[in-house]
Ligand code: SF4
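Numbering (my numbering), first residue to last: 416 to 735.
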C-alpha cells in the first residue's frame, strides 16, 4: 500500500492492539485489529472514522506510547515495538504528538518559555542559545517574544494549540501525530491552525499522521486518507481518488454527510444503528450490521484489502 517512488517513513505491519475489558463479561477490546499501511516521507496521511474506531490507539502505537499486541511498527525500517532505554527515547524524540486539548497538554503553572524548554530538558539536549531557538519556534507558529512570559490561561485556544505545535517541532521530529488537533477549536480558528500545519509541512518538509473524526478536516490537509471502522482500515486512497471514486459503503456514507466536498450534493446515506462495541464486534465484515449491501458472505468472511486501482485499496466483498 505504498505511494510510488517515495521513501517509506513508517510501516505498520499487521498491527493488532487488544485490551482487556473492564469486566470479565466485556471480554477483549480489539481496538486495532490487523492493520497494515505505509506512510511516505513528506506526506500527510489522514485517518478518519467515528469516535471509538481505534484511530487514536493506532496513532499512539505508531510512536510507541502503546505496544502492539501483535504485528510490528517500523520507523525508517527499524522495528520499534520491543525497543527500550535510549533507543525508545530516540523514537519519542523522532515522533511527536499534538493532542486534541491544548489546555490539558500545557502545564498551567509554567510560563510559555518554561513549557517550550520541556523537550530539551526531557531529552537532555544542550542547545547553544536556547532562548534564540525558542523564539525561532514561536515565530514559526506566528507568535513572538511577548508570549514567552505568559501562562497558558492567558492565551486563546488557538494560541495554546500553536504552542503545542511549536513544542512538537522543537526536536526536529521525523513524524508528527496530530490527534484530533483542531477538534476542540472554533471553526474559524480550525482553519487558521490547518493552514499553519500546511505551511509548516511545506517549509520544513514534515510528515503528519493526521487523525480526525471529521472527514472535511482530513480532506483539507491529507495527501492520502485511510478510513477506519471498528479497529480495521476499510479503504485507503489518495484524497482525490477517495472522493472521485469512493468504493467502500462506509466511506460513501461518511462522504454523503459532507456535501460541500466533491462538488455536487449527493444523497445523504444514513447509517442505521449504533457503532457496535469493539469488545464484541460483528463477525465477518465488521460493517455488516449497518451496510445496505450486506450478503451472507459478509456475515461470515472477513474481507481482505484489495487494490482496485493503483494506490486505491478497499476491504469489501463487493470488489472480489
Ligand atoms: Fe457491506 Fe459486505 Fe462490503 Fe462489508 S463486505 S462493506 S457488509 S458489502
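Where a beta carbon is used, it is the ideal one built from N, C-alpha and C, also for glycine.
Answer with buried or exposed for residue i, where buried requires no fewer than 16 other C-beta atoms within 10 angstroms of its C-beta.
i, result
"residue 417", "Reliability fails at residue 417, whose pLDDT of 46 lies under 50, so the model's placement of it is uncertain and the value that follows must be treated cautiously. It counts as exposed."
"residue 666", "buried"
"residue 590", "buried"
"residue 474", "buried"
"residue 559", "exposed"
"residue 683", "exposed"
"residue 501", "exposed"
"residue 659", "exposed"
"residue 725", "exposed"
"residue 654", "buried"
Examine ligand 1 and report whether any of its heavy atoms sits within less than 6 Å of the Cβ of residue i.
i, result
"residue 733", "yes"
"residue 703", "yes"
"residue 664", "yes"
"residue 642", "no"
"residue 729", "no"
"residue 545", "no"
"residue 709", "yes"
"residue 593", "no"
"residue 468", "no"
"residue 718", "yes"
Between the options, which has its C-alpha nearest residue i's C-alpha?
i, options, result
"residue 686", "475, 705, 641", "705"
"residue 599", "620, 627, 432", "627"
"residue 428", "444, 451, 656", "451"
"residue 625", "520, 539, 457", "457"
"residue 463", "662, 650, 707, 725", "650"
"residue 422", "437, 492, 482", "492"
"residue 611", "580, 547, 639, 479", "580"
"residue 578", "588, 603, 549, 621", "549"
"residue 573", "539, 620, 521", "521"
Here's a check: name, in chain order, each residue in its chain whose Cβ is nearer than 7 Å to the Cβ of residue i, leaving out the five neighbours to either side.
i, result
"residue 518", "567, 575"
"residue 695", "442"
"residue 447", "430, 431, 432, 469, 472, 473, 476, 646"
"residue 671", "681, 682, 683, 684"
"residue 699", "713, 714, 715, 716, 717"
"residue 523", "566, 567, 568"
"residue 616", "459, 623"
"residue 673", "630, 631"
"residue 613", "636"
DSSP three-state label for residue i, please.
i, result
"residue 443", "strand"
"residue 720", "coil"
"residue 603", "helix"
"residue 532", "helix"
"residue 635", "helix"
"residue 608", "helix"
"residue 417", "Summary for residue 417: the model assigns pLDDT 46, below 50, so the residue's position carries little reliability; its value from the coordinates is reported in the next sentence. DSSP places residue 417 in coil when its eight states are reduced to three."
"residue 493", "strand"
"residue 704", "helix"
"residue 474", "helix"
"residue 714", "helix"
"residue 650", "strand"
"residue 545", "helix"
"residue 738", "Nothing about residue 738 can be read from this structure; the chain reaches only from 416 to 735."
"residue 514", "coil"
"residue 538", "coil"
"residue 666", "helix"
"residue 422", "coil"
Note down, in chain order, each residue of its chain lying with its Cβ closer than 6 Å to the Cβ of residue i, except the 5 sequence neighbours on either side.
i, result
"residue 563", "527, 528"
"residue 485", "431"
"residue 583", "511, 513, 591"
"residue 635", "609"
"residue 586", "508, 534"
"residue 445", "433, 646, 693"
"residue 449", "429, 431"
"residue 697", "691, 703, 704"
"residue 426", "453, 489"
Indicate whether at least one CB of chain D lies closer than 7 Å to the CB of residue i.
i, result
"residue 721", "The structure shown contains no chain D, having only a single protein chain."
Cutting at 8 Å between CB atoms, please list the residues of its own chain near residue i, excluding the five before and the five after it.
i, result
"residue 465", "628, 644, 690"
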